[in-house]
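In this note's numbering, the protein residues as written are 1 to 113.
Where a beta carbon is used, it is the ideal one built from N, C-alpha and C, also for glycine.
Fair warning: this is a prediction, and the values are worked out from it, not measured in the lab.
Notes for the one structure printed next.
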Amino acid sequence: MTIHEKLLQANCIFFFCHGYFNPSSPLDSGLDLADESLTLTDIIAHLKLENCRLVTLSACETGLTDFQNASDEYIGLPSGFLLAGSTNVVSSFWAVSATATALLMMKFYEELQ
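Spelled out as structure tokens, the structure:
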């Protein structure tokens, strides 16, 4: 089973990695994974997350959106995962410390249970 097939079946997806927002080209924003980047374009075009009820983006600037765009929709990683089918997304608007984020995520998932 490939990683993509596992994502199709996942109820929750947790990313603990580097994230970035590209204000001049929001569709090029993304997550730096171990061996590649997962961009907003990739998420919208290739991920189908109908079974996923929560995507947690434990990475810097993953909640930023293209607020200067005059459209009705905000363009950013959260909207990409929602378009892919997830019902909820947790993300960050700022650069975050890895240690502080790890502690926050542990508490978040404790409370979520």
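How long is the line joining the alpha carbons of F21 and D42, rounded to whole angstroms?
Each residue's alpha carbon lies about 14 Å from the other.
For the beta strand (DSSP E) that S79 lies in, which residues bound it at each end?
Premise fails: S79 lies in the alpha helix (DSSP H), L77 to L83, not in any beta strand (DSSP E).
Identity of the residue in C52, N51, R53 and L57 nearest Y40 by Cα
Here residue 40 is Leu; the residue named in the question, Tyr, does not match the sequence. Nearest Cα to L40 within the set C52, N51, R53 and L57: L57.
Taking its Cβ as the centre, do 16 or more other Cβ atoms sit within 10 Å of A84, making it buried, or is it exposed?
Answer is buried; the Cβ neighbour count reaches 16.
Identify the residues that DSSP records as bridge partners of S97: which are they?
Note: S97 sits in no beta bridge, so no partner.
Using a 10 Å radius around the Cβ and a threshold of 16 neighbouring Cβ atoms, would you call S29 buried or exposed?
Label assigned to S29: buried.
Bridge partners - D32, DSSP secondary structure assignment
Answer by DSSP bridge pairing, in chain order: H18 and S37.
Nearest-angstrom Cα distance between S92 and L27?
Taking the straight line joining both Cα atoms gives about 17 Å.
From the DSSP output, in three-state form, read off L27 for me.
Three-state result, L27: helix.
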